[in-house]
Amino acid sequence: MTAITLRIPDAMDGPLRAAAADAPSLNDYILRAVRRQMTLDAARKLAPAARLGLEGEGDAL
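Last residue of the sequence shown: number 1325 in the numbering used here, and the count goes up by one each step with no gaps.
1) Please confirm if arginine 1296 has its CB atom under 9 Å from at least one CB of chain B.
2) Using DSSP with H/G/I as helix, E/B as strand and the rest coil, what is threonine 1266?
3) Would you give the residue range spanned by the alpha helix (DSSP H) that threonine 1281 belongs to?
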């Protein structure tokens, strides 16, 4: 596992904490968001190669 330091601008602190209110922790919320984005990025890279027809799907993946 690799540790990272994430600097959150003051303007984003309140909204981010509010969005993470239902998560076990802010760290857990951010980790899930990063994993989700990695999955979406991978799907977008694979879709053209596999001709999956994911145009317009956006976050529905």
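Note that CB positions come from ideal geometry on N, CA and C, so glycine has one too. Nothing here was measured: the structure is a model prediction, and the numbers come from that model.
Taking the coordinates as given:
1) Structure shown: chain B not included; a single protein chain is present.
2) coil
3) In the sequence under discussion, the amino acid at residue 1281 is arginine, which differs from the threonine named in the question. Here the alpha helix (DSSP H) through arginine 1281 covers 1274-1283.
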